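Okay, structure first, notes after.
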């Protein structure tokens with residue numbers, strides 16, 4: 001299991017219609033891509049960083065994760081929405097630590 | 001529900017006994033503090049950042065989170081282990097985004 005997440009801020013005014021549309025479209029488009037499990041939209045609330053939102057999702061294995069990355073809907077999302085509308089971001093991928 | 005997480009790297013050599021001890025002690029000490037739910041130790045595997053590990057935990061509300069922060073075992077952990085042994089870190093707190 002891989003937990004893929006991205007913490008980000010948008011260029012849009014906070015609480016704006018374009019912000020809401022971005023987050024709604026992300027839910028609709030990304031959660032429908034095969035292999036994506038437990039897609040979550042999150043609000044980042046710590047004052048110890050300056051990101052506003054997060055997405056997280058799970059993949060059963062690296063193959064499912066690669067298929068998501070290579071999916072045309074994901075590629076179009078990154079090109080047409082993510083790059084133009086996102087101000088800054090950091091990607092984080094987790095696997096369980098067995099100890 | 002608040003999802004509190006921290007992504008971090010240690011000063012210790014990778015795979016060393018002191019690294020393992022830090023991660024084992026974190027599990028033992030932090031997961032036992034009242035209010036901590038679903039404590040997880042994670043290995044950070046994305047090449048798009050240079051952190052090595054993560055911890056995540058959940059709190060039912062801000063009051064439970066504050067009680068954790070103020071708990072003597074947490075304060076001692078930060079002072080005696082986190083500050084001396086952690087190289088770099090970023091704290092992230094999430095709440096659900098309702099849309």
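Residue numbers (our numbering), protein chains in the order written: chain A, 1 to 99; chain B, 1 to 99.
For every residue, glycine included, the Cβ atom is placed at its ideal position computed from N, Cα and C.
This one's a predicted model, so the numbers in the text were calculated from it and none came from an experiment.
Quick one: is residue i near chain A, going by C-beta distance under 8 angstroms?
i: residue 69 of chain B; result: no
i: residue 24 of chain B; result: yes
i: residue 54 of chain B; result: yes
i: residue 15 of chain B; result: no
Grouping DSSP H, G and I as helix and E and B as strand, with all else coil, what is residue i?
i: residue 87 of chain B; result: strand
i: residue 78 of chain A; result: helix
i: residue 33 of chain A; result: coil
i: residue 47 of chain B; result: coil
i: residue 66 of chain B; result: helix
i: residue 93 of chain A; result: strand
i: residue 61 of chain A; result: coil
Run down chain A in chain order and give the residues with a C-beta less than 7 angstroms from the C-beta of residue i.
i: residue 90 of chain B; result: 49
Are the Cβ atoms of residue i and residue j separated by less than 8 angstroms?
i: residue 41 of chain A; j: residue 23 of chain A; result: yes
i: residue 5 of chain B; j: residue 55 of chain B; result: yes
i: residue 33 of chain A; j: residue 73 of chain A; result: yes
i: residue 35 of chain A; j: residue 67 of chain A; result: yes
Run down chain A in chain order and give the residues with a C-beta less than 9 angstroms from the C-beta of residue i.
i: residue 44 of chain B; result: 92, 93, 94 and 95
Just checking my contact of residue i with residue j at CB under 8 angstroms: how many whole Å lie between their CB atoms?
i: residue 92 of chain B; j: residue 7 of chain A; result: 6 angstroms
i: residue 45 of chain B; j: residue 94 of chain A; result: 7 angstroms
i: residue 52 of chain B; j: residue 90 of chain B; result: Actually they do not touch by this definition, with Cβ atoms about 12 angstroms apart.
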